[in-house]
Amino acid sequence: MSLLQDLLHKARVKSPRIFHINSGSCNGCDIELITCLSPRYDVEQLGIHLEASPRHADILCITGPVTRNTLEAVMNAYAQVCEPKAVVAIGSCGATCNVFAGSPSVVGPLNKYIPVDVYVPGCPPHPDAIIDGIFQAAQILADRGVREEAKGQPQK
Amino acid sequence: MNFAGLIRLFLFPGLLFAIPAGWFFVWAEHKVVARIQRRIGPPLLQPFWDFVKLLGKRTPARRGIDANLLRLYPVLSIGSLIAALALLPVFPANAGGFSGDCILLVGLMEVPSVCYILAGFTSGSIYGEIGAIREALLSVASNVVMLISLVTIAVTAKSFHLTDLAGPSLNPGHWVGVLGLLLCIPAKLRLNPFSTAGAEQEIYAGSLTEYAGAALGLWELAHALEWLLLTGLVATLVLPTTLAWWIYAPAFFVVSFVEVLLLSAVAAGTARLTLERSINFYWRWAAVLACMAIISSAVMMRFHL
C-alpha cells in the first residue's frame with residue numbers, strides 16, 4: 563500500500579459518517595441507534611457522525627424488515643451514498659424479517675435488494691453491538707476503497 | 003514585490019497557519035459542545051480525517067445539475083477567505099494595507115455567504131432552496147449590524163484603514179463596535195441560536211444537501227477558515243498594537259481561541275431560534291444598539307470629545 567492509500571484507509575476508518583433509514587421498523591432499533599449518540603455511549607469519540615443527507619454519508623444504517631411503501635426510499639437513499647460505501651442492517655428484521663415475516667406488506671429481507679455488509683442481530687440490539695457493527699462496517703468500507711482504487715488504477 | 007504581503011497571504015495568518023488553526027477551532031467547537039453535554043467528544047485530528055476521507059469519495063456525475071458551478075462556490079469562498087485573512091491588521095506596527103482596505107475586507111467576508119446562497123439555488127433541491135432563502139434573510143439582518151459596528155469603529159478611529167482601527171481604544175464607541183461584531187458571529191457561522199440556515203435534520207443539510215465528496219470537504223474547510231477570520235478580526239481589534247511579533251502571534255491565537263470557547267458554549271447552551279425571531283433579534287435589538295453607538299460616536303467626533 564502506498565503512503566497516500568494508507569492515509570486514505572486510515573481516514574475512512576476514523577471518519578465513518580452514517581445515515582439512518584427506517585424501513586418499516588417498530589422503532590425499537592431506532593431508539594437504540596439514537597442512544598449511541600447520547601452521553602452514555604458517545605460515538606463521536608470514534609469519529610462517527612449522524613448525517614442529515616445520504617450524499618454526505620459513508621455507511622447506511624437500515625432498521626426494519628423493508629415494507630412495500632419504504633422499498634423505493636431505501637433504494638433511492640442507497641443510490642445517493644457515494645462510493646466507497648457500506649450497509650449495516652440493524653436488528654433481526656433486516657436479516658430475516660423477524661416477527662413480520664409472511665406479512666403481505668413486507669417485501670424483505672433487505673439483502674434481496676441491496677448488498678448488506680454487516681448484520682447486527684437482536685430485537686432490539688444493544689447499543690454496544692450497534693457501535694461495533696458500524697465500526698466493522700467502516701473497516702470493510704476502507705478495505706473495499708483500497709481494493710477498488712487498486713483495480714481502477716490501470717484504466718486511468 | 004510586497005514581501006510582507008506574501009508572508010501574510012501564505013504564512014501568517016494566511017494558508018499555512020489558517021488551515022490547521024481553522025481545523026483546530028472546528029474541533030474545539032465540537033469538543034466544547036460535547037463536554038457541556040457530558041460527552042468525551044471527537045479526537046483532535048477529526049476535522050483533518052474528515053477532509054481526507056471526503057477527498058477520497060467518488061462522486062458520479064448527475065443529470066440536471068451544473069457540477070462545475072457547484073464545485074466553483076466552495077473554491078471561491080476559500081479564495082476570498084484567504085484574501086480576507088491576509089488583509090487582517092496583524093502586526094500593526096509594520097503592517098502594509100491601504101486606505102479603505104476595511105471596505106474590501108467587508109466585501110470579501112460576504113463572498114462565502116453569497117456562495118452558500120447560490121449553492122442552495124444551483125443544487126436544485128427544495129431543501130437547498132429553503133436553506134438559501136433563510137441564509138439570505140438572516141445575512142441581510144446580521145450584515146446591517148456588522149456594517150454599522152465596523153463603521154462605528156472606523157468613526158472613532160477617523161479612518162477606513164484597518165491598521166488604524168487595530169488595537170484597543172479609550173473611546174467607548176470602539177468597544178460597542180466590537181460587541182456588535184461579536185453578536186454577528188453566530189449568524190455568520192450558522193451557530194446556535196442562529197443556526198436556522200443550516201438547520202441540521204430539520205431541512206436536511208440546507209444549501210449543502212446535494213453536495214458530496216471533495217466539494218463538501220472544501221465547504222467544511224471554508225467553514226473552518228470563516229471561524230478563524232471572524233474571531234481573528236475581533237482579536238486584532240482588542241490586542242494592543244505595540245506588542246512584539248513573537249508575543250502578538252500567540253496572543254492573536256489565544257484571543258481567537260477564547261472567542262471560539264465562548265461562542266461554542268453559547269451554541270451548546272441555546273436552542274435554535276426560528277427565522278423570524280432571529281431576524282427580530284438583529285433588527286430590533288442589535289441594530290438599534292449599533293445605530294445609537296454610531297450616532298453617539300459621530301456626535302463625539304464632531305465636538306472633539
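Protein chains in written order, with this note's numbering: chain B, 563 to 718; chain Z, 3 to 307.
C-beta atoms are modelled at their ideal positions from N, C-alpha and C, and glycine is treated no differently.
Note that the structure is predicted; figures quoted are calculated from it, not measured.
Proximity of LYS674(B) to chain Z, defined by a Cβ-Cβ separation below 8 Å, is not satisfied. Under the three-pair Cβ rule at 8 Å, the stretch 48-62 of chain Z counts as touching the stretch 577-584 of chain B. Listed by position along chain B, the residues whose Cβ is nearer than 7 Å to that of ARG41(Z) are PRO601, ASP604, GLU606. Non-local beta-carbon contacts of LEU72(Z) in its own chain, meaning distances under 8 Å to residues more than five positions away in sequence, involve ALA121, THR124, SER125, GLU212, TYR213, ALA217 in chain order. Within the same chain, Cβ atoms closer than 7 Å to the Cβ of ILE205(Z) are found at TYR129, ILE132, GLY133, the five residues on either side in sequence being excluded.
Counting C-beta atoms within 10 angstroms of its own C-beta, ILE155(Z) has 16 or more neighbours from the protein chains shown and is therefore classed as buried.
For ALA712(B), the enclosing alpha helix (DSSP H) has its first and last residue at 689-714.
Annotation: the continuous alpha helix (DSSP H) that includes CYS655(B) extends over 654-658. For ILE624(B), the three-state secondary structure derived from DSSP is strand. It is roughly 11 Å from the alpha-carbon of SER587(B) to the alpha-carbon of VAL668(B). Counting along the chain, TYR681(B) sits inside the beta strand (DSSP E) bounded by residues 680-682.
For a Cβ distance threshold of 7 Å, residue set TYR206, ALA207, THR211 of chain Z lies close to SER615(B), ordered along the chain. Rounded to whole angstroms, the Cβ separation of LEU223(Z) and ILE80(Z) is 6 Å, and the two are in contact under 8 Å. Residue-level contact check: ALA712(B) does not touch chain Z, since none of the beta carbons of chain Z fall below 8 Å from its beta carbon.
Per DSSP, the continuous alpha helix (DSSP H) segment holding ILE80(Z) begins and ends at 69-89. Remark: C-beta atoms of LEU265(Z) and ILE187(Z) approach each other more closely than 8 Å. For ALA226(Z), the secondary structure class from DSSP, reduced to helix, strand or coil, is helix. Rounded to whole angstroms, PHE26(Z) and ALA237(Z) show a C-alpha spacing of 17 Å.
Using a Cβ distance threshold of 8 Å, LEU89(Z) and LEU106(Z) count as a contacting pair. ARG136(Z): member of the alpha helix (DSSP H) spanning 128-159, first to last residue. Remark: C-beta atoms of LEU191(Z) and LEU232(Z) approach each other more closely than 8 Å. Spatial neighbours of ALA36(Z) in its own chain (CB-CB distance under 8 Å, excluding positions within 5 residues in sequence) are listed in chain order as ILE42, GLY43, PRO44. By the beta-carbon neighbour count (other beta carbons within 10 angstroms, threshold 16), SER600(B) is exposed.
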